[in-house]
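> Input: one structure, supplied below.
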Amino acid sequence: MGRAYQNRKESMAKTAAAKTKVYSKYGREIYMAAKAGGIDPQANLSLRGLIERAKKDQVPTHVIEKAIDKAKGGAGEDYAPARYEGYGPGNCMVIVDCLTDNPNRT
């Protein structure tokens, strides 16, 4: 196990972390769209658009199917949209829109 192995391992870890972040983001968005408008992509235009965007970003189909199944089943995490408003440095207004499964933690 030489230096080349270590370099390859580190670069694979970086890309894996970036992919995981993208996959989880699409999973949450697809879950919310399916929960709000139904699980049929033909009837739910926002879900269809999200699935197309996810496929363009090379999200695996099992991630998409898992998010739709989770929305169909009703059990598991229940994400709720939240909006937080506040003032930052220099009195600039900051508005944060997010999805959360625990509003107390967010």
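Numbering (UniProt numbering), first residue to last: 1 to 106.
For each residue, glycine too, the CB sits at the ideal point set by N, CA and C.
1) I'd like to confirm the pairing. Which residues does DSSP put opposite Asp97 in its beta bridges?
2) So, with DSSP's three-state summary, where would you put Gly88?
3) Enumerate in chain order the residues of its own chain whose CB-to-CB distance from Val63 is below 6 Å, with the five nearest sequence positions on each side excluded.
4) Nearest CA to the CA of Lys35: which residue from Val96, Asp97, Asn91, Gly73?
5) Are the CB atoms of Ala33 and Leu50 nearer to each other than 9 Å?
By the coordinates alone:
1) Arg83
2) coil
3) Tyr23, Gly27
4) Gly73
5) yes
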